[in-house]
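Written below as structure tokens is the structure these notes are about.
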Amino acid sequence: MAKSNVSLRVARNAKNDEFYTRYEDIAREIDAYYEYDHDVFRDKTVLCPCDDPEWSNFTRYFATNFQRLGLKKLISTSYAYSAGSRRLTLCEKDSPYYDADKHATHGKVFTLTGNGDGNTTTGTDDTTTRSGSTATIEFSGYLEGDGDFRSDEVTALRDEADIIITNPPFSLFRDFLRWVTDGNKQFAIIGNMNAITYKEVFPLIRNGKVWLGTTKPHDFVIPNDNGLIDMNGNDVRKFGNICWYTDIDHGQRHKPLQLMTMEQNLESNKRLRRRFERDYGKIEYPHYDNYDAIEIPFTECIPSDYDGIMGVPLTFLDKHCPEQFTIEGSQRWDKSDAVRSVYCGSKETADKDLKTTIHGRETYDRIFIRKRRL
Ligand SMILES: C[S@@+](CC[C@H](N)C(=O)[O-])C[C@H]1O[C@@H](n2cnc3c(N)ncnc32)[C@H](O)[C@@H]1O
């Protein structure tokens, strides 16, 4: 690829990475983990990479809730080239570690540590806790490099931490998830729903190593015309397909879907009837051309009385209860023997067939599931 194209791509990716998460969206998700298990963060070190406290609500949330969650330590690092890092804040400027030559080119580290009596240490930047007391995160100095999460120094912080929580750069989602799972850490990270279908991501979901969180953030703060982040401002962009990827347990994933039988759905679900009539000319669950498996266009229409393989939309994962269904593969990859055994398409094997078709027409992205045998 020509050099100018590469730099254009890098610039575009960098721009697409500058979306900042709102406090309430972080609180709703993290509180759901805490509600499910009050000890989930107790005595744990949380690392928020890509997150300077001056502009990151991740750092702000964990500093604010440090005592309530029972955290041992909060570490947050910033990336030198992020829009948020441009502003020189008092927290950095008033610190003995401040170095004007490093401000724009080096990542920064901030830490907050419990002092053993349930209180947090004091420093320069105030974050008011729920109880009204003050928890403070300290500027602990500059990183050797720019704060790239893949660097040895941020990786060493990953290794020190128990849980990694952030909204990583969208353009590096695959690398970020690999970085977190390679470190064998618990995590909750924001990403695009489309990542479910990635070859590197789907097997983790199928094997129960990653699942979706409980909420869907829609609004993200974007840099203003001067390239600065104003977390209180109105520079917000809406997204319809963002979710949390996590391996922290929560109550929603243990609530089985309440489902009706095939006959009840076909009789009473108007949306389903309309869809089947329009697309296939018959009000019945169609079988794929290439799999002996049925097509389910809407999660709520999964029949309670079908024991075979079913193809469901990606949004099923929002409601997936592992005690109720097993994930058997995606239409593209990571197919179980059960899926392979119902393959009846024209390719040599199911693994070589990346589509599901009905009457010769390709369906939307599908995940294969099967009712768990009790
Ligand atoms: C989607 S934004 C989210 C920022 C913040 N975590 C939040 O949610 O408010 C991702 C951030 O990662 C930064 N970033 C980009 N590449 C990075 C890298 N290689 N290492 C660390 N951070 C990076 C971007 O500059 C951007 O600020």
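In my numbering, the protein residues as written are 1012 to 1385.
Heads up, the beta-carbon is just placed ideally off N, CA and C, and yes, glycines get one too.
Remember, predicted model here, so these are calculated numbers, not experimental data.
Identify the residues that DSSP records as bridge partners of Gly1120: which are they? Looking at the sequence shown, residue 1120 is not Gly but Val. In the DSSP output, where bridge partners are listed per residue, Val1120 has Thr1088 and Gly1152.
Just checking my contact of Tyr1302 with Cys1355 at CB under 8 Å: how many whole Å lie between their CB atoms? 7 Å
Run the proximity test for Pro1234: is its beta-carbon closer than 7 Å to any non-hydrogen atom belonging to ligand 1? no
Can the beta-carbon of Leu1154 be found closer than 8 Å to that of Gly1118? yes
Within 7 Å: the Cβ of Tyr1031 and any heavy atom of ligand 1? yes
Where in the region 1166-1228 do unbroken runs of the beta strand (DSSP E), each at least 3 residues long, occur, reported from the N-terminal end onward? 1174-1177 and 1197-1203
Does Cys1332 pass the burial test, meaning 16 or more other C-beta atoms within 10 Å, or should it be called exposed? exposed
Check the DSSP bridge columns for Phe1231 and list the partner residues they point to. Thr1032 and Arg1248
Per-residue burial, Arg1383 [other beta carbons within 10 Å of its own, 16 or more giving buried]: exposed
CB of Leu1123 within 8 Å of CB of Thr1147, strictly: yes
Any heavy atom of ligand 1 within a distance shorter than 7 Å of the CB on Thr1177? yes
Classify Thr1160 as helix, strand or coil using the three-state DSSP reduction. A small correction: the amino acid at residue 1160 is Phe; Thr does not occupy that position in the sequence shown. Phe1160: coil per DSSP, three-state reduction.
Per DSSP, the bridge partner or partners of Trp1255: Ile1201
Under a three-way DSSP split, which group does Tyr1386 fall into? There is no way to answer for residue 1386, as the model of the chain reaches only from 1012 to 1385.
Best match in Arg1079, Arg1264, Cys1059 and Gln1342 for proximity to Pro1335 [C-alpha to C-alpha]: The sequence shown places Gln at residue 1335, rather than the Pro named in the question. The shortest Cα separation from Gln1335 among Arg1079, Arg1264, Cys1059 and Gln1342 belongs to Arg1264.
Looking at Arg1161 and ligand 1, is the gap between the Cβ and the nearest heavy atom below 7 Å? yes
What three-state label does DSSP hand Glu1311 in the structure shown? helix
With respect to 7 Å, is the separation between the Cβ of Asp1028 and the closest non-hydrogen atom of ligand 1 below this value? yes
Neighbourhood of Arg1284 by C-beta distance below 8 Å, restricted to the same chain and skipping five residues each side: Leu1277 and Ile1294
Report the CB separation of Thr1075 from Phe1231 in whole angstroms; it is logged as a contact under 8 Å. That pair is no contact at about 20 Å.
Alpha-carbon to alpha-carbon, Val1191 and Asn1287: The sequence shown places Phe at residue 1287, rather than the Asn named in the question. Looking at the two C-alpha atoms, the distance is approximately 42 Å.
Heavy atom of ligand 1 less than 7 Å from the Cβ of Tyr1092, yes or no? yes
As assigned by DSSP and simplified to three states, the class of Arg1372: strand
Other residues of its chain near Ala1172: CB distance less than 7 Å, five sequence neighbours each side excluded: Thr1056, Val1057, Leu1058, Ile1086 and Lys1196
Using a threshold of 8 Å, state whether the C-beta atoms of Asp1339 and Ser1347 are closer than that. The sequence as given places Glu at residue 1339; Asp does not occur at that position. Yes; because the gap between Cβ atoms is below 8 Å, this pair is in contact.
I'd like to confirm something about Leu1183: is its beta-carbon nearer than 7 Å to some heavy atom of ligand 1, or not? yes
Where does Leu1058 fall in DSSP's three states? strand
Between the Cα of Lys1249 and those of Asp1318, Ile1259 and Lys1227, spot the shortest distance and give me the residue it belongs to. Lys1227
Counting C-beta neighbours from all protein chains within 10 Å, is the total for Glu1211 16 or more, i.e. buried, or is it exposed? exposed
At a cut of 8 Å, does the region 1043-1057 reach the region 1069-1083 through at least three beta carbon pairs? yes
What is the residue span of the alpha helix (DSSP H) that Ser1352 lies within? Asp1348 to Ser1352
Which residues in the same chain as Glu1306 place their Cβ atom closer than 7 Å to its Cβ, once the five residues preceding and following it in sequence are excluded? Tyr1296, Pro1297, Tyr1299, Gly1322, Ile1369 and Thr1374
Going by C-alpha to C-alpha distance, which of Pro1179, Lys1220, Arg1217 and Asn1218 sits closest to Asn1203? Pro1179
Cβ shell of His1114 (< 8 Å), same chain only, five flanking positions each side left out: Leu1099 and Glu1103
Among all the DSSP beta bridges, which residues are the ones paired with Ser1341? Ile1378
Could you tell me the distance, in whole angstroms, from the CA atom of Leu1206 to the CA atom of Ala1199? Looking at the sequence shown, residue 1206 is not Leu but Ala. Taking the straight line joining both Cα atoms gives about 14 Å.
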